[in-house]
C-alpha cells in the first residue's frame, strides 16, 4: 500500500461527507484560504469531497470535478495529505478513517459515536501510522474542551467533569423551566425549531450525551471508557412536577454527563461515568446555560473550577472546531511531527453504578396519618441513607413527603425506594432525582 | 555560549522565583511526578530554584542544595532543559528569559507585564533559538484561554474578545452591586480578604487588565499589540449611583478588557483594544461572573459565542496553567520539535480610541425647565450621536436626564459631553459609561 508523499508546496485535504458540517468546512477552506496559508505555512487546498449522491442539493458551491462517490479511492489518493471525516456513524466512517491512516494521511473527525464505541482501534491505527487523529468537534461542537483537557490541564489532576453536552435536551428542559411546558410540548417546540430530530431518541434518551461522556472521561482521567461503560438515563420521564420541585429547592433540572474520579471498595482509584437528569443549584455556573447552548464544568486539584461555554452543535460552530484541528494537523504535517497521542496509562476500572455516590431528591405520595414522616425516615435510615431535609406537603389524599438525602450510593438509594414502595402507608414513589453540583 | 545537551533519561527544570506561584509549581512537580513522567514520556525533575534570599520563609519544603540566589548561572547550566519564570516584572525576568533561550532552554512564563511590554523581543529570541516560549498563565490564571485562541480557533476568524481578566476589580464591583457598597468600602473589604494589595493601583487603575488585553488582542488577531496601545480607564471613579443606574437598565458594571476587529476610515481592518468599566446586560454570560472569578468571552465568525470561566489568580490555579505549558514544552523537547510560534502576519494598525464605536450611558444634572430634554437631545444630534432612550428623573434642583445612545465614536461622544458641559441648563455631566455586550 502506498504512503502519501504529498506536495511540498500545497497541502491537499479530502473531506468525507458534505452535509450540515461538511459544507461549512468546504466553505471555510475557501473563505479562509489566505489566513490558513499564513497560519499553516503552506497553502491548504481541497482535493475532493466524498458524498453519497453527486446530484443532491447542498449548501455550498463546489468547483467541477471535486465531488466523488468513491470515498475509499479518495482517502487512498497519493496527492491527499489530510482527511476530514464528517459522515458520522460507525460504517463506512471507521473503514475510511483506518484506510486514511494506513495511507499516511492525518485525520480530523467529528464522529462521537465511533470514538465512543471503538476509539482504541482508531488510536492504535494513528499510533502505528505515526499520523495525527484529532476530534475536538466530537464533543460540545465549537467549544474547545478536548484540547484544554488533553493539553492545558496536563500538569494538573482532573477530579470531575460535569457537562451539558446535548443541546436538544437542554433546550427542552429550559423551556419546561421557563415556560412551565410539559415534556411533550417542549419536545414539539424543539422539533418545530429544528433543535430536535423527527426521531429524537438519540438525544432525548441520552445516547448522544453518553458517547460524549465516554470521550470526556477517557481524556480527563487518562484511561479508556467506552459508551457501554456509561450509565445512561434520558429526560423523557422528567415531569413538570419535577421541574417545579427543583424550583422550590432553588434548583434547575439539567441533563448532565458526569465523569468522576472515585475510590472503589479496595481503595483503588476508579472512574464513574453517567448521564442522567439531575437537579443543580441555580447559583451553579451550569444553571445559567440556556436554550441549546452547551457547557462543560471541570474540577481539578490545582486549577479549581473551570467552565467552557458555547454552541454545542450546528454546521458552522462544529466546522470551527474541525478547522482548528485541521490547522494543527497541517502544521504538524509541515514540520514533520505529530501531536500528543492518546494517553490511557492509568487504565482505571469503571465503577458500577451501584457504587456511585450522590444526593437524591425523592417525592413520595403517602397516607396522611400520624407518624408517617417518622416511618418513612426510618426506612431511609435502615438502608444507611442519611436525610438532609424532609418536607410534608398537602393533606389527606394529596399528602406528599419530599426527602432530600445526604450522599449515599445508588445501590443504597435503590434499596430504599424498593422498601418504600412495599410500605402500606406509601401510595407511590412519584419521583427520584439526583442532586449534583453541591459540595459533599 | 554552550547550548544545553540535557539528559536523555530525565528532563531538568529550573524554576525562577519561589513566591505564591513558584512554590505551587515546585509542589506540583513533586506531587505529580508519576503522572508527569507518564504524560511526558520522561521523568521531570527539579534542577534548582532561584530566589532572592535563601533564608526567606516559603510555603514549600525544598531538598537541600536546590535553592540558589544566582539565577543567571542556573538558566545557563548545561543540565537544565526547561526554565519556568515566575518572578514577574520586567527585570531581571527579561534578561533571564533571553539568556535561557540563548542557552537552548524552552521557557514557560506567567509574566504578563513583560509580554505586554516587550513580547516581540522574547518571541524573536525563541524563534532564533528554535525553542518554545509558552505563557498561558499570564492571562486569566488557570483558565485555558491562550491555547484555545492560538490553536482551537486557528481555523476560524475571531472578531471580538470581551474579558473580565482582573479578579480584584471584579470582586470590588460585585460587592458594590450586591451589597450596595461604595468603591472605598468595597476596596477595603477586598484588601482585608487578600484580594487586593496594599497599593491597589495596578489592579484598580486597569494596568493589569491592559497588559492582558494586549496579549489577548495579539493572539486573537494575529498581530502585535503592546500595553501602550491599550486605552485604559480604571474603576476608582465608579460610583454607587453608576451601579444603581446600571441596575435600573437591567445591567451590571464590569471592568472589561475589550479587543475588537474593526474597519478604519480607509476600509482597512484594524484592531481596537481598551480597558474600562462598562455596563453589560444581566442576561449576558459575563454578567454572572461573581467575586474574584475571571471569564473571557470570545466571538468568532464560525464558532459564534464562546466563554471560558475560572479562577483568574492564586498560587495553585496559576501553577496549573504553568504546569500545562510545562508538559507541552517537555513533550516537544522529548520529540525534538517545538510548538507553534507567534503569528503576527496580519500586522494590523491599532485604531485610535476616538474612532472606537460603542453605546453610552450619560447622566446629566439639569435645570428643571420646559424644553430641557429637547435642548439636550439636540446637542447629541449635533454631534451625530443618535439617542436610543432618554429619561427624566427628579424635579427642581434634583432634575436629571439619563441618556442611552446608539453606537457612536468615542470622539463624537467626547464632543457631545464637552458641548453639554458648556450649556447653561446643564449643571453637571455626572456620569458617562460605555454600554457593551449589546448587539449593534
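Protein chains in written order, with UniProt numbering: chain F, 1 to 440; chain Z, 1 to 440.
C-beta: ideal position from N, C-alpha, C; glycine also.
Notebook entry, point to check: In the DSSP assignment, what are the bridge partners of residue 294 of chain Z?
Noted result: Locating residue 294 of chain Z in the second chain gives position 294, where the first residue counts as 1. DSSP, once it has assigned bridges, lists Z:310 as partnering residue 294 of chain Z.
Next item on the list: Tell me whether residue 351 of chain F is buried or exposed, calling it buried when 16 or more other Cβ atoms sit within 10 Å of its Cβ.
Entry: The residue labelled residue 351 of chain F in the question sits at position 351 within the first chain. Its Cβ being crowded by 16 or more others within 10 Å, residue 351 of chain F is buried.
Note to self: At the level of alpha carbons, what is the spacing between residue 253 of chain F and residue 279 of chain F?
What the structure shows: If you number the first chain from 1, residue 253 of chain F lands on position 253. If you number the first chain from 1, residue 279 of chain F lands on position 279. Roughly 4 Å between the two C-alpha positions.
Next item on the list: Could you give the DSSP three-state label for residue 98 of chain Z: helix, strand or coil?
Entry: To locate residue 98 of chain Z, count along the second chain from 1; it is residue 98. Reduced to three states, the DSSP call for residue 98 of chain Z is helix.
Checklist line | Three-way DSSP call (helix, strand, coil) for residue 430 of chain F in this model | finding: Position 430 of the first chain, counted from the start, is the residue given in the question as residue 430 of chain F. If DSSP states are grouped into helix, strand and coil, residue 430 of chain F belongs with the strands.
Next item on the list: Name the one or two DSSP bridge partners that residue 365 of chain F has.
Entry: Counting from one through the first chain, the residue named residue 365 of chain F turns up at place 365. Partner(s): F:400, F:428.
Check: Looking at the structure shown, is residue 324 of chain Z part of a helix, part of a strand, or coil, going by DSSP?
Finding: In the second chain, counting from the first residue as 1, residue 324 of chain Z sits at position 324. Residue 324 of chain Z falls in the helix class under three-state DSSP.
Margin query: Within 8 Å, do at least three Cβ pairs link the segment 15-32 of chain F to the segment 302-318 of chain F?
Written below: yes
Next item on the list: Might you give, ordered along the chain, the residues of its own chain that have their beta carbon closer than 6 Å to the beta carbon of residue 309 of chain Z, omitting 5 neighbours on each side?
Entry: Mapped onto the second chain, residue 309 of chain Z falls at position 309. Hits under 6 Å: 295.
Next item on the list: Could you name each continuous beta strand (DSSP E) segment of 3 residues or more that falls completely within the segment 330-400 of chain F, going from the start of the chain to the end?
Entry: 357-366, 387-393
Notebook entry, point to check: Which whole-angstrom value is the C-beta distance of residue 46 of chain F and residue 29 of chain F, which I expect to be below 8 Å?
Noted result: By one-based count along the first chain, residue 46 of chain F stands at place 46. By one-based count along the first chain, residue 29 of chain F stands at place 29. Their Cβ separation, rounded to whole angstroms, is 5 Å, which keeps residue 46 of chain F and residue 29 of chain F in contact under 8 Å.
Next item on the list: Please check if any C-beta of chain F sits within less than 9 Å of the C-beta of residue 311 of chain Z.
Entry: Within the second chain, numbered from 1, the residue matching residue 311 of chain Z stands at position 311. Closer than 9 Å: yes.
Item checked: Close Cβ partners of residue 39 of chain F (< 8 Å) along its chain, the five nearest in sequence each way excluded -> As a first step, residue 39 of chain F must be located in the first chain, where it is residue number 39. For residue 39 of chain F, where only same-chain residues beyond five positions count, the Cβ hits under 8 Å are 327, 331.
Check: Is residue 20 of chain Z near the ligand FMN, with its Cβ less than 8 Å from a heavy atom?
Finding: With respect to the ligand FMN, the structure offers nothing, as it holds no ligand at all.
Next item on the list: Could you tell me the distance, in whole angstroms, from the CA atom of residue 12 of chain F to the CA atom of residue 340 of chain Z?
Entry: Here residue 12 of chain F is taken as the residue at index 12 of the first chain, counted from 1. Here residue 340 of chain Z is taken as the residue at index 340 of the second chain, counted from 1. Spanning the two alpha carbons is a distance of roughly 21 Å.
Item checked: Short CB-CB distance (under 9 Å) between residue 317 of chain Z and chain F -> Locating residue 317 of chain Z in the second chain gives position 317, where the first residue counts as 1. Yes - at least one Cβ of chain F is within 9 Å of the one on residue 317 of chain Z.
Checklist line | Assigned exposure category for residue 134 of chain Z - 16 Cβ within 10 Å defines buried | finding: Translated into the one-based positions of the second chain, residue 134 of chain Z becomes position 134. The residue in question, residue 134 of chain Z, is buried, as its Cβ has 16 or more Cβ neighbours within 10 Å.
Notebook entry, point to check: So is residue 400 of chain F buried or exposed if we call it buried at 16+ other beta carbons inside 10 Å?
Noted result: Along the first chain, one-based indexing puts residue 400 of chain F at 400. It counts as buried.
Notebook entry, point to check: Who are the Cβ neighbours of residue 412 of chain Z in its own chain at under 7 Å, not counting the five residues just before and after it?
Noted result: Position 412 of the second chain, counting from 1, holds the residue named residue 412 of chain Z. Within the same chain, residue 412 of chain Z has close Cβ partners 383, 384, 385.
Checklist line | Min CB distance residue 36 of chain Z to chain F below 9 Å | finding: Position 36 of the second chain, counted from the start, is the residue given in the question as residue 36 of chain Z. So yes, residue 36 of chain Z belongs to the interface.
Next item on the list: Name the one or two DSSP bridge partners that residue 409 of chain F has.
Entry: What you label residue 409 of chain F is simply residue 409 of the first chain in a count that begins at 1. Bridge partners of residue 409 of chain F: F:357.
Note to self: For residue 95 of chain Z, count the other beta carbons within 10 Å of its own beta carbon; 16 or more makes it buried, fewer makes it exposed. Which is it?
What the structure shows: Here residue 95 of chain Z refers to the residue found at position 95 of the second chain. Exposed, since its Cβ has fewer than 16 Cβ neighbours within 10 Å.
Item checked: Per DSSP, cross-strand counterpart(s) of residue 106 of chain F -> Numbered from 1 along the first chain, position 106 holds the residue referred to as residue 106 of chain F. In the DSSP output, where bridge partners are listed per residue, residue 106 of chain F has F:82.
Check: Quick one, which of F:122, F:361, F:150 has its alpha-carbon nearest residue 277 of chain F's?
Finding: One-based indexing of the first chain puts residue 277 of chain F at position 277. Of F:122, F:361, F:150, the residue nearest in Cα terms is F:361.
Notebook entry, point to check: Which value, in whole angstroms, describes the spacing of the CA atoms of residue 175 of chain F and residue 183 of chain F?
Noted result: On the first chain, residue 175 of chain F is found 175 positions in, with the first residue counted as 1. On the first chain, residue 183 of chain F is found 183 positions in, with the first residue counted as 1. Near 9 Å, if we compare the C-alpha coordinates of residue 183 of chain F and residue 175 of chain F.
Item checked: Minimum Cβ-Cβ distance from residue 416 of chain Z to chain F less than 9 Å -> Here residue 416 of chain Z corresponds to residue number 416 of the second chain, with the count starting at 1. By this cut-off, residue 416 of chain Z is not an interface position.
Next item on the list: Kindly indicate which residue of Z:9, Z:155, Z:50, Z:86 has the alpha-carbon position closest to the one of residue 34 of chain F.
Entry: On the first chain, residue 34 of chain F is found 34 positions in, with the first residue counted as 1. Checked all of Z:9, Z:155, Z:50, Z:86; the closest Cα to residue 34 of chain F is Z:155.
Note to self: Does any residue of chain F have a CB that is nearer than 9 Å to the CB of residue 379 of chain Z?
What the structure shows: The sequence position of residue 379 of chain Z within the second chain is 379, counting from 1. It does not: the Cβ of residue 379 of chain Z has no partner Cβ on chain F nearer than 9 Å.
Checklist line | Residues sharing a beta bridge with residue 134 of chain Z, DSSP | finding: Locating residue 134 of chain Z in the second chain gives position 134, counting from the first residue. Residue 134 of chain Z pairs with Z:108.
Next item on the list: With DSSP as the reference, label residue 419 of chain F as helix, strand or coil.
Entry: Here residue 419 of chain F refers to the residue found at position 419 of the first chain. Helix, per DSSP.
Margin query: Pop quiz: residue 324 of chain Z and residue 152 of chain F are said to be a contact at Cβ under 8 Å. What is the actual Cβ separation, rounded to whole angstroms?
Written below: Along the second chain, read from residue 1 onward, the residue named residue 324 of chain Z stands at position 324. Along the first chain, read from residue 1 onward, the residue named residue 152 of chain F stands at position 152. About 4 Å; that satisfies the 8 Å criterion.
Next item on the list: Could you list which residues in chain F have their beta carbon closer than 8 Å to that of residue 324 of chain Z, in chain order?
Entry: The residue you call residue 324 of chain Z lines up with position 324 of the second chain. Per Cβ cutoff of 8 Å: 151, 152, 153, 154, 155, 156.
Check: If you check the beta carbons only, do residue 241 of chain F and residue 430 of chain F fall under 9 Å apart?
Finding: Position 241 of the first chain, counting from 1, holds the residue named residue 241 of chain F. Position 430 of the first chain, counting from 1, holds the residue named residue 430 of chain F. Their beta carbons are under 9 Å apart, which means residue 241 of chain F touches residue 430 of chain F by this criterion.
Check: Between which two residues does the alpha helix (DSSP H) containing residue 9 of chain F stretch?
Finding: For this step, residue 9 of chain F is matched to residue 9 along the first chain. Note, residue 9 of chain F: premise wrong, no alpha helix (DSSP H); not H, not E.
Notebook entry, point to check: Counting contacts by CB-CB distance shorter than 9 Å, is residue 179 of chain F in contact with chain Z?
Noted result: Translated into positions along the first chain, residue 179 of chain F becomes position 179. Residue 179 of chain F does not count as touching chain Z.
Notebook entry, point to check: Should residue 179 of chain F be labelled buried (16 or more other beta-carbon atoms within 10 Å of its own) or exposed?
Noted result: Translated into positions along the first chain, residue 179 of chain F becomes position 179. It counts as exposed.
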